[in-house]
Amino acid sequence: MGEAVNSKRYTPEERTLYREKLAENLELFDTYLRHAEFKSAGTIGLELELNLVDADNQPSLNNTKVLSRLDDEYQSEIGGFNLELNHPVLQVAGRGLKTLETGVSHRLGKAQKAAEAEGLKVASIGTLPTLSTQFLTDEKWMTEENRYEALSNSVIDARGEYVQIELGREENYRAEFADIAPESSCTSMQLHLQVAPNKFADAWNASQAIASAQVAMSANSPLFVGRRLWHESRIPIFTQSIDTRTPELVNQGVRPRVWFGERWITSVFDLFEENVRYFPPLLPEIKDFVEFSEADAPKLFELNLHNGTVWRWNRPIYNSGDNGAHIRVENRLLPAGPTPVDMVADAAFYYGLAEFLVGENRPVWSRMSFKEAEENFFACAKNGINARVTWPKIGNIGVADLVTDVLIPQARRGLSRLNIDKDVIEEYMSIIEGRAERRANGATWQLRMLDHLAPGSRPDSPERRDGLKAMMDAYLENQASGEPVHTWNVPV
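Each number in our numbering comes from the position in the sequence shown (counting from 1) with 42 added on.
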């Protein structure tokens, strides 16, 4: 979806030709996979989506003004109050994770300075609590770019009716939208893990198996339009926002475009082939076909664009360039925030666990059903750090205990295999340990602080709105401190 598109709607002829191009791309990809040499430099990368808020912590539709003050490491996102930060790739070994933290802090500071020049602030959070239904139903919410309008039009055209958001836990929310505006509320951190093609299946399977623990430990989205919903509400909100299925198609078992998946894989080709087989194109843009030779790294424009409109929580990425092609896992399930050190601790947890699990003789996904992995994932999205999961040889266990007793030691070993300095490993793993021991992360802090500031308040009441503003004031102050979220205080 990072590609620019030319149209806001597409003709039947364009869709038919695009389908043919997808088939050609898929065949090229299969041919290339069988004989090509891919770059496998072991690099990591990060993308971070952010919110712009005004003095009252309300979303501000001024991303183009802020972006005009920044360089090409920043770009727009679908909401006019969103922007995205892209950190350059780097080596994870040695002090690479500390370099990543420094880089994220520096780039967040640049974004904050650009926002302040427009009288605004930057919030790094999974869902901005002060968003309202009224704001999301205002037709001005979207960034004015073809690709965003085209995406929204395609989703609504395919669905044929309004988008319905329905979610509940401590409180409930239900509303209908004429476009995909709720998607703009879902701001994430996306991690990239470059791997060799013959290692991709193991890396993706490992990523799927540990997705539940990642979500539980990092949850930072407990408040959607000011309501106390799932600890990581971003996951069901995103799923429902761009669901092209009517209720009848859901009942028929049609797959959603925001997808956990349905099976362990044996090759990266499995995922691209599933995308073409199961999902109609949303943005049928076509580039001129380039003949393929064995020495080439094919661009696969149509296949990559289509892949960008199937939102797997662990997405396969194929990228070609002047120096050859590479394949990576894009780990998309983490929320933005709270602080750079928190986000890099989440990255360390992921990279260390993935490295350890890929190296096991009898990997965890051979001892866990895919259905169990999916059920764990949604249980942790709903209940966060207090969730319970099913794990091989253990059975049912609290996810925080699983993290403390099993996963952190494994992540430490994986990080050591990646030749990361011992003090760096200890710093970031101690943050994950601190969250697990205290049962404290961004989601629990937000909920506890709201309880303190607006006890017993009801959704949409003046007391709740005042409490949300004050909570965000405290959140942004703590965020600016740079201290990890499990150490943030809530007044008694």
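We put the CB at the ideal spot given by N, CA and C, even for glycine.
One or two residues paired with residue i in a DSSP bridge
i, result
"Trp301", "Arg354"
"Ser263", "Glu274"
"Pro224", "None; Pro224 has no bridge partner."
"Ile207", "Ala217"
"Gly401", "Answer is none; Gly401 lacks a bridge partner."
"Ser362", "Ala367"
"Arg269", "Phe266"
"Thr202", "Correcting the residue identity first, residue 202 is Gly in this sequence and not Thr. In the DSSP output, where bridge partners are listed per residue, Gly202 has none listed."
"Gly151", "Gly151 is not bridged to any residue."
"Gly136", "Ile462"
"Gly121", "Met184"
Where residue i falls, given that 16 or more other Cβ within 10 Å makes a residue buried
i, result
"Ala522", "exposed"
"Asn438", "exposed"
"Tyr320", "exposed"
"Gly121", "buried"
"Gly44", "For Gly44, the pLDDT reaches just 49, beneath the cut-off of 50, and the residue's location in the model is therefore unreliable, leaving the point undetermined."
"Ile436", "exposed"
"Gln250", "buried"
"Arg506", "buried"
"Asn214", "exposed"
"Asp98", "exposed"
"Gly363", "exposed"
"Gly484", "buried"
"Arg299", "buried"
"Glu397", "buried"
"Glu91", "buried"
"Asn425", "buried"
"Asn403", "exposed"
"Ser194", "buried"
"Tyr360", "buried"
"Asn461", "exposed"
"Asp180", "exposed"
"Asn418", "buried"
"Pro377", "buried"
"Ser166", "buried"
"Gln294", "exposed"
"Glu519", "exposed"
Cβ distance (whole Å) where residue i is taken to contact residue j below 8 Å
i, j, result
"Leu170", "Leu125", "Actually they are not in contact, since the Cβ atoms of Leu170 and Leu125 sit about 13 Å apart, beyond 8 Å."
"Glu304", "Phe412", "7 Å"
"Ala157", "Val164", "5 Å"
"Leu510", "Thr172", "5 Å"
"Ala243", "Ser196", "At roughly 30 Å, the Cβ-Cβ gap does not stay under 8 Å, so Ala243 and Ser196 are not in contact."
"Pro224", "Leu265", "That belief does not hold up - the Cβ atoms of Pro224 and Leu265 are roughly 14 Å apart, past 8 Å."
"Arg57", "Gln232", "With 8 Å as the limit, Arg57 and Gln232 do not qualify as a contact, their Cβ atoms being about 29 Å apart."
"Tyr60", "Ile279", "Tyr60 to Ile279, Cβ: 29 Å. No contact."
"Phe311", "Phe80", "Contact doesn't hold; Cβ gap of about 13 Å is too wide."
"Ile277", "Ala423", "4 Å"
Limits of the unbroken alpha helix (DSSP H) element including residue i
i, result
"Met184", "Where Met184 is concerned, there is no enclosing alpha helix (DSSP H), given that its DSSP letter is neither H nor E."
"His234", "No alpha helix (DSSP H) holds His234; the beta strand (DSSP E) holding it covers Ser230 to Val237."
"Glu417", "Phe412 to Asn425"
"Glu324", "According to the sequence as given, residue 324 is Leu; it is not Glu. Neither: Leu324 is in no alpha helix (DSSP H) and is coded neither H nor E."
"Pro526", "Taken as a continuous stretch (DSSP letters only), Pro526 belongs to no alpha helix (DSSP H), as it is neither H nor E."
"Asn346", "Phe343 to Asn349"
"Ile340", "Ile is not the amino acid found at residue 340; the sequence shown has Pro there. No alpha helix (DSSP H) holds Pro340; DSSP gives it neither H nor E."
"Lys63", "Pro54 to His77"
"Pro289", "Pro289 to Asn293"
Range of the contiguous beta strand (DSSP E) that encloses residue i
i, result
"Arg370", "Gly366 to Pro377"
"Ile439", "Gly437 to Gly440"
"Trp433", "Arg430 to Trp433"
"His129", "Asn124 to Gln133"
beta-carbon residue i near the ligand FMN non-hydrogen atom, thresh 6 Å
i, result
"Asp515", "Here there are no bound small molecules, and the ligand FMN is not part of this structure."
4-residue-minimum alpha helix (DSSP H) runs that sit fully inside the segment 83-117, ordered along the chain | 105-109
Pick out the complete beta strand (DSSP E) segments inside the segment 159-195, 3 residues or longer, and give them in chain order.
-> 163-165
Uninterrupted alpha helix (DSSP H) stretches inside the segment 442-515 (no shorter than 4 residues) = 450-459, 464-480 and 484-495
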